[in-house]
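>
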Amino acid sequence: MNKIFLFNHRPPYPSELQQRSFPKGYFSPTFTLYNGEGSAREHVSRFLETLGEHEGDFDLRLREFSKSLTGRAYTWYNNLKPNSIHT
Numbered sequence: 046m047n048k049i050f051l052f053n054h055r056p057p058y059p060s061e062l063q064q065r066s067f068p069k070g071y072f073s074p075t076f077t078l079y080n081g082e083g084s085a086r087e088h089v090s091r092f093l094e095t096l097g098e099h100e101g102d103f104d105l106r107l108r109e110f111s112k113s114l115t116g117r118a119y120t121w122y123n124n125l126k127p128n129s130i131h132t
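Following my numbering, the numbering of the sequence shown begins with 46 at its first residue and continues without gaps.
1) Return the CA-CA distance between S111 and L78, expressed in angstroms with no decimal places.
2) So, for L114: in the same chain, excluding its five sequence neighbours on each side, which residues have a beta-carbon less than 6 Å away from its beta-carbon?
3) If you run the structure through DSSP and keep just helix, strand and coil, what is L114?
4) Compute the distance between the beta-carbons of R65 and P127, then report whether it is under 7 Å.
5) Taking all protein chains shown into account, decide if L62 is buried (16 or more other Cβ within 10 angstroms of its Cβ) or exposed.
6) Does DSSP put Y58 in a helix, a strand or coil?
7) Taking the alpha carbon of L96 as the reference point, which residue from R117, R86, A118 and Y71 has its own alpha carbon closest?
8) Our contact map puts E100 next to L93 with C-beta atoms below 8 Å; I'd like the distance itself, whole angstroms only.
9) Could you give the C-beta distance for L105 and P57, rounded to a whole number, given that I count them as a contact under 8 Å?
Quick look at the structure:
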């Protein structure tokens, strides 16, 4: 018997942000990936720089941040409770 794995991921930021459109003309950039090693502060700084003119869009920051994580850093992020991040 085949088992179907259903995965209903809920982000740690408010789920209503997923319903919003991205800013007009926005294309998700290629982010430097952070795996949990090195300076988290430096990673966040690079993440914000990569957003360029959209750096001040706090909702966009929340939606895009997970794309900059890999390895244990992404695992940590993925295990945060839904709706636990607001800023």
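Note that the Cβ used here is the ideal one computed from N, Cα and C, for glycine as well.
According to the structure shown:
1) Their Cα atoms are separated by approximately 10 Å.
2) Y79 and Y122
3) L114 falls in the strand class under three-state DSSP.
4) no
5) So L62 ends up on the exposed side.
6) coil
7) Y71
8) 5 Å
9) With a Cβ gap of about 15 Å, L105 and P57 do not count as contacting.
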